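First comes the structure, then the notes that go with it.
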Amino acid sequence: MKKLSFLLSLFLLGGSFTANAGATGDIEALRAEIAAMKAAHEERIMMLEAKLEEVIVAKAAVTTQAAASDNEVALTYAPKRPATNARRVKKNMFNPSIGLVFNGVYTQHETAEGEIAGFAVGHEGERGGEGFAIDHTELNFSSTIDDKFFGSMTAAIVKHEGKTEVELEEAFIQTLPGLGLPTGATVKAGRFLATIGYLNEHHEHTDDFTDRPLPYRVFLDGAYNDDGIQASYVLPTDFYAEIGGGMFRGDDYPFGGSDGEGIDAWSAFARVGGDIGEKQSWRLGGSVLSGKSTTGRESNHEKVSFLGETDLYIADARYTWAPTGNSTNQEFALQGEFFWKTEDGLYSDTETSASNVLMDDSSQGWYLQGTYKFARNWRFGARYSELDAANVPTGLIGSHLDGEGYDPKAYSAMFDWTNSEFSRVRFQYNREELAKGQNDDQFMLQYIMSIGAHAAHKY
Amino acid sequence: MRKFLSSTLLAMSAACLCCASFSVTAALQVFACEPEWASLASEIGGNKVKTFSATHARQDPHYIKARPSLMSKVRKADLIVCSGADLEIGWLPLLLERAGASVQPGMVGNLMAYQYVPLIEIPTSIDRSMGDIHPDGNPHIHLNPRNLILVGKELTNRLASIDTANAGFYESRYGQFVVKMNQAIEGWLSDGKDLKGMRVITKHKSLSYLIDFFGLEEVSSLEPRPGLPPTSSHLAQVLESVSAMKARAIVRAPYESDRGVDWIVSKANIRNLVVPYTVNGDDESGDLFSLFDRTLAILKSAL
Numbered sequence: 000m001k002k003l004s005f006l007l008s009l010f011l012l013g014g015s016f017t018a019n020a021g022a023t024g025d026i027e028a029l030r031a032e033i034a035a036m037k038a039a040h041e042e043r044i045m046m047l048e049a050k051l052e053e054v055i056v057a058k059a060a061v062t063t064q065a066a067a068s069d070n071e072v073a074l075t076y077a078p079k080r081p082a083t084n085a086r087r088v089k090k091n092m093f094n095p096s097i098g099l100v101f102n103g104v105y106t107q108h109e110t111a112e113g114e115i116a117g118f119a120v121g122h123e124g125e126r127g128g129e130g131f132a133i134d135h136t137e138l139n140f141s142s143t144i145d146d147k148f149f150g151s152m153t154a155a156i157v158k159h160e161g162k163t164e165v166e167l168e169e170a171f172i173q174t175l176p177g178l179g180l181p182t183g184a185t186v187k188a189g190r191f192l193a194t195i196g197y198l199n200e201h202h203e204h205t206d207d208f209t210d211r212p213l214p215y216r217v218f219l220d221g222a223y224n225d226d227g228i229q230a231s232y233v234l235p236t237d238f239y240a241e242i243g244g245g246m247f248r249g250d251d252y253p254f255g256g257s258d259g260e261g262i263d264a265w266s267a268f269a270r271v272g273g274d275i276g277e278k279q280s281w282r283l284g285g286s287v288l289s290g291k292s293t294t295g296r297e298s299n300h301e302k303v304s305f306l307g308e309t310d311l312y313i314a315d316a317r318y319t320w321a322p323t324g325n326s327t328n329q330e331f332a333l334q335g336e337f338f339w340k341t342e343d344g345l346y347s348d349t350e351t352s353a354s355n356v357l358m359d360d361s362s363q364g365w366y367l368q369g370t371y372k373f374a375r376n377w378r379f380g381a382r383y384s385e386l387d388a389a390n391v392p393t394g395l396i397g398s399h400l401d402g403e404g405y406d407p408k409a410y411s412a413m414f415d416w417t418n419s420e421f422s423r424v425r426f427q428y429n430r431e432e433l434a435k436g437q438n439d440d441q442f443m444l445q446y447i448m449s450i451g452a453h454a455a456h457k458y
Numbered sequence: 000m001r002k003f004l005s006s007t008l009l010a011m012s013a014a015c016l017c018c019a020s021f022s023v024t025a026a027l028q029v030f031a032c033e034p035e036w037a038s039l040a041s042e043i044g045g046n047k048v049k050t051f052s053a054t055h056a057r058q059d060p061h062y063i064k065a066r067p068s069l070m071s072k073v074r075k076a077d078l079i080v081c082s083g084a085d086l087e088i089g090w091l092p093l094l095l096e097r098a099g100a101s102v103q104p105g106m107v108g109n110l111m112a113y114q115y116v117p118l119i120e121i122p123t124s125i126d127r128s129m130g131d132i133h134p135d136g137n138p139h140i141h142l143n144p145r146n147l148i149l150v151g152k153e154l155t156n157r158l159a160s161i162d163t164a165n166a167g168f169y170e171s172r173y174g175q176f177v178v179k180m181n182q183a184i185e186g187w188l189s190d191g192k193d194l195k196g197m198r199v200i201t202k203h204k205s206l207s208y209l210i211d212f213f214g215l216e217e218v219s220s221l222e223p224r225p226g227l228p229p230t231s232s233h234l235a236q237v238l239e240s241v242s243a244m245k246a247r248a249i250v251r252a253p254y255e256s257d258r259g260v261d262w263i264v265s266k267a268n269i270r271n272l273v274v275p276y277t278v279n280g281d282d283e284s285g286d287l288f289s290l291f292d293r294t295l296a297i298l299k300s301a302l
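Residue numbers (numbering that gives the first Met the number 0), protein chains in the order written: chain A, 0 to 458; chain B, 0 to 302.
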C-alpha cells in the first residue's frame with residue numbers, strides 16, 4: 000500500500016494525470032488540491048513581479064546618486080605620489096618566473112662507514128659526503144602557458160662521482176581551472192614529485208632538516224619523481240578533503256629499469272584537514288605507491304639489483320600551532336610519517352654472489368619531528384627516525400639486505416636562522432646508528448638562499 | 000489512502016519549492032583575504048552574501064599559511080576579494096590553484112582591491128636588499144576610508160554581474176553606503192583636524208594610508224627596512240631621534256609584535272598606541288565605521 004502510493008505520487012509528479020489512478024473521489028480531491036497550489040503559485044509570481052518593478056525603479060535612482068558621489072570622491076581625493084617619474088619596474092607576465100636556490104653545506108662525520116643495515120639504498124639515500132659541498136643547486140622556470148595550462152621546470156645541478164651533472168627534478172604541465180575541469184580538479188603530466196606522503200611533493204630546500212629522514216632515504220631514495228600523469232580532486236566538503244592518483248613509467252626508485260612497455264607504477268592518495276579553533280591546523284593523509292621493476296632496479300652502488308613488485312603504503316600527519324594563528328613570531332609544527340613496504344621478487348647481490356634469490360617480505364619505517372619558531376628569525380627542531388628491515392631468506396644471508404635483526408635509527412637536532420624568506424642558515428647535529436656498532440655523530444652547517452621568483456610554500 | 004497520497008504529494012512539492020527557493024536565495028559566497036573586505040562585502044551584499052575572511056586582525060596578512068581549511072573555503076567561493084599588490088603572495092596563489100575558473104586572476108570573481116585605488120609608496124626601483132617591498136605600491140589601502148568607496152563601487156559591479164537577479168539590491172545598498180561613508184569621512188576629518196602634523200613612529204608600513212588620511216607625519220619606523228625585524232642598533236637610533244623629532248606616539252597594528260616598543264617607551268616620553276588596523280581589531284571595532292571611530296579616538300589620546 001505504502002509502496003503503491005509512493006509510486007503513484009511519483010507518477011503524478013511526472014506530469015501525466017491519467018484516468019486509471021484509482022477511485023473518482025481521490026481524483027477530485029487531488030484536482031482540488033492542485034488548483035489550490037496553482038492559485039498560491041500565481042499569487043507568489045505576481046508578488047515577485049511587483050517586487051522586481053520596485054527594484055528597477057530604485058536601481059535607476061541609485062545609479063545617478065552613486066555617480067554623483069564618485070565625482071565627489073575623485074575631486075576631494077588627491078593622494079601623494081612619488082615626485083620622480085622614473086620608469087616603474089614591473090613583473091613582466093610574458094616572461095616565466097625564474098628562481099635559483101643556492102644550497103651549500105659543510106659536513107663532518109665520525110665514522111668512515113654510513114651503511115644502512117638491511118636495506119637496498121639508492122644514490123640519493125646514501126649518507127652525504129664530508130667537508131664543503133654544494134648540494135643541489137635548483138634552477139626553476141615556471142609560468143602559465145595560456146589560459147588553460149601552467150608549466151614548470153626544476154633542474155638541479157649536482158656533483159655526482161666527481162662530475163657535475165644536471166638532474167631534471169621536475170618538468171611538468173598542469174591544468175588551470177580555465178580548462179573547464181570540474182572545480183577542484185587538476186591534472187599534472189610530465190615528470191614531477193608525486194603527491195604521496197607529506198615530504199615527497201616538497202622540494203628539498205623547503206625541508207626543516209638538512210637531510211631527509213631515514214624512511215625517505217631507503218624507501219624513496221629521497222623523493223619519488225617519475226614520468227607520468229596524476230589527477231587530483233578537492234572534494235566540495237566543508238572541511239578540506241582531497242583524493243587523487245597517478246600512473247607512472249616506473250623508472251624512479253623504488254622501481255627502476257622500466258622498458259617503457261605499459262604503465263609500471265601507479266599511486267593513490269587521500270587527505271583531510273582543517274582547523275581546531277584559530278590556533279591549530281592539521282592534515283592527515285594516506286597514500287599507496289605500487290609498481291614493478293621489470294628489467295632490474297640497481298642500488299647500493301650497483302651491487303644490489305631487484306626484479307619484481309613493490310608496494311609502499313604511507314600514512315602522514317602534520318599539526319601546527321601558532322598564537323592567534325599568526326605564525327610570524329611563534330609557531331610549533333609536529334609532523335610524522337609511517338611507511339610500510341612489501342616486496343615480492345628476485346634479489347641479487349654481486350658482493351655475496353647471491354643471484355636471483357626470491358624474497359617476499361615487508362619492511363617498515365617512520366619518523367616524527369617537531370620544530371619550534373621561538374622568535375621571528377629563529378627556530379629549533381628535533382627528529383627521530385627508525386627502520387625495521389625485512390627478514391632475509393637463506394640465500395641472502397650476509398648480503399646488503401641482511402640486517403641481522405638490527406633496527407637502524409637516527410636522532411637529529413637542528414637550529415636555524417632565517418633572515419628573510421629568501422635566506423636561511425642552519426646548524427644540524429645527527430646521531431645515526433644505522434648498523435651494529437656504527438655510531439656516527441655528524442655535524443652540518445648549511446645555507447639555503449634563493450634569488451628570483453620563489454613560489455609560495457605548501458602547508 | 001487519500002490522506003497519505005495527498006500528504007506525500009504535498010511534502011514532495013514542498014521539497015521541490017524548497018529546492019527552488021534555495022537556489023534562488025542561496026547566498027553568494029565571498030572569500031575575503033582580509034576582514035575589511037569581508038566587512039565591505041557585507042555592507043553591500045547584506046543578507047544576499049555569505050562572507051568569510053581568511054585572516055583576522057591578529058594575523059599578519061603577509062605571512063599566513065595556505066592551510067587545508069582555507070583550501071576548502073576558496074574552492075566554494077563565487078567571489079574573492081583581496082588587497083592584492085603582493086600582500087597575499089605567500090599563500091593566495093596556492094589556494095587559487097584549487098578554486099573555480101570564475102575566481103582566477105582576470106576573471107569577474109577575482110577582485111584585487113589595489114587596482115581600483117590610487118596607491119602610495121610605489122617604489123621607483125626595486126631590489127631585494129631593500130627588504131620586503133611591494134613593487135605595485137603599499138597594499139594596506141583600506142586605512143584610507145575613501146578607498147573603501149572606490150573598492151566598494153567595483154565590488155558592487157562584481158556582485159551585480161555575478162548575481163544579476165539581485166543587481167538592484169546591491170546597487171541600492173552601495174548607494175546607501177556611499178552616503179553614509181561620505182558623511183562619516185567628513186565627521187572624522189573635522190574631529191581629527193588637530194591630528195594634522197602629529198609626529199608618529201610606526202612599526203611597519205602598514206599604516207601609511209591612515210597617516211595620509213589624517214595628515215599625520217611619520218618620522219621613523221622601528222623596522223630598519225620593510226619586513227625586517229628591528230635590530231638593537233636601529234632601535235637605539237630611533238630612541239635618539241624621538242626627542243629631537245618630537246614624536247608623540249609609536250603606532251602599530253594588533254598583529255605587529257611589541258618587540259622594541261616597550262624598550263623605547265620606557266626610555267622616552269612617547270605613547271604606545273595599538274590601533275585596531277582592521278575590523279574586529281579590538282572589541283569596539285565591529286564594522287568599518289566603528290573601525291575609524293575607534294582609530295580616531297586612540298590617535299587623539301596622544302595629543
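Here a beta-carbon is modelled for each residue, glycine too, at the ideal position from N, C-alpha and C.
Quantities reported herein were computed from a predicted structural model and do not represent experimental measurements.
{"Item": "Against chain B: residues of the stretch 192-220 of chain A by CB proximity under 8 angstroms", "Value": "none"}
{"Item": "Within chain B, the residues that residue 278 (chain A) reaches when beta carbons sit closer than 9 angstroms", "Value": "Ordered by position in chain B, no residue passes the 9 angstroms Cβ test against residue 278 (chain A), which lies about 10 angstroms from the chain."}
{"Item": "Exposure of residue 167 (chain A), with buried meaning 16 or more beta-carbon neighbours within 10 Å", "Value": "exposed"}
{"Item": "Pairwise C-alpha distance: residue 162 (chain B) and residue 25 (chain B)", "Value": "11 angstroms"}
{"Item": "Minimum Cβ-Cβ distance from residue 89 (chain B) to chain A less than 7 angstroms", "Value": "yes"}
{"Item": "C-beta atoms of residue 309 (chain A) and residue 342 (chain A) nearer than 7 angstroms", "Value": "yes"}
{"Item": "Closest residue to residue 149 (chain A) among A:121, A:200, A:96, A:161 (Cα-Cα distance)", "Value": "A:96"}
{"Item": "Beta strand (DSSP E) segments (min. 3 residues) lying fully within the stretch 168-209 of chain B", "Value": "198-201"}
{"Item": "Range covered by the beta strand (DSSP E) that runs through residue 270 (chain B)", "Value": "270-273"}
{"Item": "Proximal residues of chain A, C-beta to C-beta of residue 92 (chain B) below 7 angstroms", "Value": "455"}
{"Item": "Beta-bridge partners of residue 442 (chain A), as assigned by DSSP", "Value": "A:107, A:428"}
{"Item": "Residue-level contact to chain B via CB, residue 224 (chain A), 7 angstroms cutoff", "Value": "no"}
{"Item": "For residue 41 (chain B) and residue 127 (chain A), the rounded distance between their alpha carbons", "Value": "56 angstroms"}
{"Item": "Minimum length 3: unbroken beta strand (DSSP E) runs contained in the stretch 355-408 of chain A", "Value": "377-387"}
{"Item": "Against chain E: residues of the stretch 111-129 of chain B by CB proximity under 9 angstroms", "Value": "Checking the listed chains, one finds no chain E in this structure; the protein chains it contains are A and B."}
{"Item": "Where the stretch 272-306 of chain A meets chain B: residues whose CB sits under 9 angstroms from a CB there", "Value": "272, 273, 274, 277, 280, 281, 282"}
{"Item": "Spatially closest choice to residue 422 (chain A) from B:243, B:227, B:257, B:298, by CA coordinates", "Value": "B:227"}
{"Item": "beta-carbon residue 276 (chain B) near the ligand FMN non-hydrogen atom, thresh 6 angstroms", "Value": "This structure simply doesn't include the ligand FMN, nor any ligand for that matter."}
{"Item": "Meets three-Cβ-pair contact criterion under 8 angstroms: the stretch 105-121 of chain B and the stretch 180-195 of chain A", "Value": "no"}
{"Item": "Cβ-Cβ distance between residue 252 (chain A) and residue 210 (chain A) below 7 angstroms", "Value": "no"}
{"Item": "Close-in-space but distant-in-sequence residues of the same chain around residue 262 (chain A) (CB under 6 angstroms, 5 per side omitted)", "Value": "246"}
{"Item": "Nonlocal neighbours in the same chain, by C-beta distance under 7 angstroms from residue 307 (chain A), ignoring five residues either side", "Value": "291, 292, 342, 343, 344, 345"}
{"Item": "Chain B contacts from the stretch 311-343 of chain A (Cβ-Cβ distance under 8 angstroms)", "Value": "319, 323, 324, 325, 326, 327, 328"}
{"Item": "Rounded separation between residue 134 (chain A) and residue 103 (chain A) - CA only", "Value": "6 angstroms"}
{"Item": "Buried or exposed (CB count within 10 angstroms, at least 16 for buried), residue 100 (chain A)", "Value": "buried"}
{"Item": "Of the listed residues A:137, A:370, A:224, A:454, nearest to residue 255 (chain A) (C-alpha basis)", "Value": "A:224"}
{"Item": "Paired residues, beta bridge with residue 81 (chain B) - DSSP", "Value": "B:111"}
{"Item": "For residue 228 (chain A): DSSP bridge partner residues", "Value": "A:188, A:246"}
{"Item": "C-alpha distance - residue 455 (chain A) paired with residue 64 (chain B), whole-angstrom precision", "Value": "9 angstroms"}
{"Item": "Partners in chain A for residue 58 (chain B), counting only beta-carbon separations shorter than 7 angstroms", "Value": "323, 324, 325"}
{"Item": "Nearest residue (CA-CA) to residue 446 (chain A), options A:439, A:457, A:424", "Value": "A:424"}
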